[in-house]
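To start, the structure itself, in structure tokens.
4 protein chains.
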Amino acid sequence: MHQGFETKRVIIGPDGFKKVVDITVPKRVNLPTGHIDSTSLAQIPPGGSFVANDVEYYVFPCDTFDYVMHYLKRHTQIVYPKDGAYILMRLDISPGKRVGEAGTGSGAFTLYLSMAVGNEGKVYTYEQREEFYKLAEKNIKGFSKFDNVVTHNKSILDGIEERDLDAFFLDIREPEEAIPEIRKALKPAGHLGILVPTTNQVAETLKALEEHKFYVSEVVEILARQYKPVPERLRPDDRMIGHTAYMIFGRKIGE
Amino acid sequence: MHQGFETKRVIIGPDGFKKVVDITVPKRVNLPTGHIDSTSLAQIPPGGSFVANDVEYYVFPCDTFDYVMHYLKRHTQIVYPKDGAYILMRLDISPGKRVGEAGTGSGAFTLYLSMAVGNEGKVYTYEQREEFYKLAEKNIKGFSKFDNVVTHNKSILDGIEERDLDAFFLDIREPEEAIPEIRKALKPAGHLGILVPTTNQVAETLKALEEHKFYVSEVVEILARQYKPVPERLRPDDRMIGHTAYMIFGRKIGE
Amino acid sequence: MHQGFETKRVIIGPDGFKKVVDITVPKRVNLPTGHIDSTSLAQIPPGGSFVANDVEYYVFPCDTFDYVMHYLKRHTQIVYPKDGAYILMRLDISPGKRVGEAGTGSGAFTLYLSMAVGNEGKVYTYEQREEFYKLAEKNIKGFSKFDNVVTHNKSILDGIEERDLDAFFLDIREPEEAIPEIRKALKPAGHLGILVPTTNQVAETLKALEEHKFYVSEVVEILARQYKPVPERLRPDDRMIGHTAYMIFGRKIGE
Amino acid sequence: MHQGFETKRVIIGPDGFKKVVDITVPKRVNLPTGHIDSTSLAQIPPGGSFVANDVEYYVFPCDTFDYVMHYLKRHTQIVYPKDGAYILMRLDISPGKRVGEAGTGSGAFTLYLSMAVGNEGKVYTYEQREEFYKLAEKNIKGFSKFDNVVTHNKSILDGIEERDLDAFFLDIREPEEAIPEIRKALKPAGHLGILVPTTNQVAETLKALEEHKFYVSEVVEILARQYKPVPERLRPDDRMIGHTAYMIFGRKIGE
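Chains as they are written, first to last, in full-length UniProt numbering: chain A, 1 to 255; chain B, 1 to 255; chain C, 1 to 255; chain D, 1 to 255.
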């Protein structure tokens, strides 16, 4: 078992300030009103608070959501929690499942998978670009509770090494090219989830899924609309994320 | 370990036809074009198909999503997968966590929780109305892979028996009344998720959370927008679910 | 000036009941709780009410919105008010403008245009299918206050007869084919609005607009989300219109 | 007739650059790549273009949308075109109508109204804060084609001077207080539209409408979702306006 998740704290301050800090690395953490040393931070109990220049800050153990949104280093567009959560549900991920993924990207969804399949499960993830591969490894090890991720530094177009996988998640530029390889790697009736940003990619992917015998269960986008948490003047935020990606879900038909 | 999930099959037919069948119960299953016996259905391999009156039907092992949406008996409004998935993410649920819930309702979210915390985790759920309590028990046992749910037939206003819970999910009519009890049951910095259908309830709940020292991390609604899976004429469905519920997330502050 | 709009009444009843009636046609109007004769209806003052079997009904002069949504005969998908309103704004329609349209369809948007450009303005509308052409004429004359619509029973691919139009609204299956003709009919810097249901059509239309020198100012969809008007339990409707159409707006570049 | 609208030009440049310029005021207009004098700009025909440092810019006569979004001076939150367009439709505004409004704010919706009711119509608008009143007058005269707006520098709580209005639009902080005055000013069955930013205000307003005998036809919010106009990679913008306001529509019941 990794311990990365135990070494991160999230600091909550005024006006939506949020910062994730690794308390094992001695450093000065700048705040909107002053600063705090990471060693002092480590002394604060979970849910406790401290004061800097008359302003109170709360400190929590960092959770997966905050780690991904506020700490994880990104070289690529990550899979947002709103999308990642729905993909986990649609791929029927639960403890013990064996799941494939390509590309790894910055490792955000790999981390969600790792946290969901637990010690009995396994995640096999493929990333062909070496710098992403290395970054993702670091990002995953920096938080996941479970030692269950196998990272491959190769393209899945060159072959998926595993067989009989419960589910596969695909997030590459031309997903239609990878469908035949994924078909080989999935067990019968295995779940497939694909994420693409454009409508043109959705159309191309749907054609490939039909050709390679996948049942398409859903094409969907998820919108998260946040509200200002003010009980006397309740209203949505002025601005919201308008688009991250379309998601396509299906299951393998036939042998 | 339960085996409920192994005994359900989902049949996929033309024009969006979808039906979940328990193959251990001998019965005739009606289809848009004819019928099939559940015993014949049991012989079809995962991802296989059969033909009824010249129309092909596909058969898959039932997943959690299809079980909740197309099989589970409902006496109450259930927590939809789009919302349930996001709640699991925001409550930071993973294998091994100990989670509380009230009310159980028809048990849909209890089932998501059970499937997410696995054999090492535990779900404690409270439901005061006896008929829902019994229905939920049946719904959960009919599918969950894990024997990890403790059901209480009582109101949480009469006290939560557990302590030091990692997270709590609240889905009752007047959530503001239950906040003090939940505060006692949660561990320091524990996660709280609340689901309510109306804006008035959001406002009341926010007031109670402030009073009882919870940090509110997010007030949000999740919209899932489905597309017709036709590559040459890609477009969203004509109608969509416009509203299920608002969700409020927070963490316990102080001891 | 037509008088069609003066002869229609809308009856509002319990549980969202709404019915538009022509009071010049003697008939019995069925209600959820009984009925009323159109001649009796004609006697009720604007904003007045009547009682049928102990239930109160309100009567208003019919407005454009109710006429289009609850009276106008449809052979085609109409332009919804939410979209029509935005198109009027984006095409900069005001009294006195000369505007072209194709196809007329059932005439809903033609009616919005007629009501917006007034006595000093003019609307030229093209519809090649004779049955739609006739239906639309009847629909428009049945309500518009202004005698300002010229209907053509022909395809615009065979030529637009007018020149120097302020704006053009295009709602046909393959809009990309009509762009060159519209270019000839519009005045310099004239406004163009196009409505299409699929993403594939948006892509094709954008290509044609670039080729034929139109500046694209916006590609947009409009979502209207309704709420239940209950002050103590304020919340959106359970279901909503998920999609009607995408809209593309532009202006003619060069001479 | 005013001529304000004839003196404004909109310049369209690369990366979404858009600027509205008054060509009667000699000045140097800064661009992303250089500049142009407003006097040179005045020579460019509608839909024409000019080049600044190898980059092409297009020039159009300014329309109402661009004037409101890119020129009009704001001291207040304005009514966005997406909302304004729908309000015009729901209030059944057409040439010749007599319409009231409060408060005037920066005059954006007053301008929409002025442009919609034309020479035969009339707009009566109330604004109690003198600096907004003056700003709005300037904003309206700077563009509207029609001399049809009467501005009052007073609160409508002190009385509306007009009677028998076709419609009224209300955009003040506590709309519930103004309902009785509006009731007096509207003709029988007259249309009322109210805009409020928070859910609490929606609830308060609904109570007042019921008390003062208005039929509520709709409570709604309008979302405009923009797409990047790239045919090969069609997708919505990353960010969108998440909320402007809720709108409530109704009609006066009884005398």
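Built from N, CA and C at the ideal position, the CB exists for glycine as well. As the structure is a computational prediction, the values presented were derived from the model and not from experiment.
- Sequence-distant partners of B/K207 (beyond 5 residues in either direction) whose C-beta falls short of 8 Å from its own C-beta, in its chain, are E176.
- Of the candidates C/E218, C/E56, C/T205 and C/Q226, C/E218 places its Cα closest to the Cα of D/Y227.
- Three or more pairs of CB atoms, one per stretch, sit closer than 8 Å, so the segment 221–239 of chain B contacts the segment 190–201 of chain C.
- Contacts with chain C at 8 Å (Cβ-Cβ) include B/N200.
- Listed in chain order, the positions of the segment 152–182 of chain A with a beta carbon within less than 7 Å of a beta carbon of chain D would be empty, since no residue qualifies.
- Here the segment 49–57 of chain B does not lie against the segment 186–193 of chain A, with fewer than 3 beta-carbon pairs under 8 Å apart.
- In this structure, DSSP gives D/G34 an extended state, which the three-state scheme calls strand.
- For a Cβ distance threshold of 8 Å, residue set R225, Q226, P236, D237, D238, R239 and M240 of chain C lies close to B/G242, ordered along the chain.
- Contacts between B/A203 and chain D, judged by CB atoms closer than 8 Å, involve T199 and N200 in chain order.
- Taking the Cα positions, B/E130 is about 6 Å away from B/N153.
- The C-beta distance from A/E181 to A/L157 rounds to 7 Å, short enough to fall under 8 Å.
- Near chain A, meaning a CB-to-CB distance below 8 Å, the residues of the segment 87–113 of chain B are L88, M89, R90, D92, S94, P95, G96 and Y112.
- D/D164 counts as exposed, since fewer than 16 other C-beta atoms from the protein chains shown sit within 10 angstroms of its C-beta.
- Contact note: A/R233 reaches chain D through T198 and N200, using a C-beta cutoff of 7 Å and chain order.
- Interface with chain D (8 Å Cβ-Cβ cutoff): C/M69 is excluded.
- Excluding sequence positions up to five before and after C/T64, its CB lies within less than 6 Å of the CB of M115, all in the same chain and listed in chain order.
- A straight-line Cα-Cα distance of about 57 Å links B/I87 and D/D37.
- Beta-bridge partners of C/D22 (DSSP): C/K8.
- Here A/D171 carries a coil assignment [DSSP, helix/strand/coil].
- Listed in chain order, the alpha helix (DSSP H) elements of length 4 or more contained wholly in the segment 34–76 of chain A are 38–41 and 64–70.
- Judged by DSSP in its simplified three-state form, C/Q226 adopts strand.
- Taking all protein chains in view, the Cβ of A/N30 is surrounded by fewer than 16 other Cβ atoms within 10 Å, so the residue is classified as exposed.
- Counting only runs of 4 or more residues that sit fully inside the segment 71–128 of chain B, the alpha helix (DSSP H) segments are 81–90 and 108–117, in chain order.
- When secondary structure is reduced to three states using DSSP, A/F143 falls in the coil class, being assigned neither helix nor strand.
- With the rule of 3 Cβ pairs closer than 8 Å, the segment 19–33 of chain C does not count as touching the segment 14–33 of chain D.
- Under the criterion of beta carbons closer than 8 Å, B/A185 and B/D92 do not qualify as touching, at roughly 17 Å.
- Contact with chain A is absent for B/L41, since none of that chain's Cβ atoms lies less than 8 Å from the residue's Cβ.
- Think of a sphere of 8 Å around the beta carbon of B/T64: the chain A residues whose beta carbon falls inside it are M89, D92 and S94, in chain order.
- For a Cβ distance threshold of 9 Å, nothing in chain B lies close to A/A245: the least Cβ distance comes to about 12 Å.
- In chain order, Y124 place their CB closer than 6 Å to the CB of B/V150, counting only its own chain and leaving out the 5 sequence neighbours on each side.
- Using a Cβ distance threshold of 8 Å, D/G100 and D/I160 count as a contacting pair.
- Using a Cβ distance threshold of 8 Å, A/P32 and A/G13 count as a contacting pair.
- Residue pairing from DSSP leaves D/E204 without any beta-bridge partner.
- Listed in chain order, the alpha helix (DSSP H) runs fully inside the segment 228–255 of chain A amount to none, counting runs of at least 4 residues.
- Burial state of C/S40 is exposed, judged by a 10 Å Cβ sphere holding fewer than 16 other Cβ atoms.
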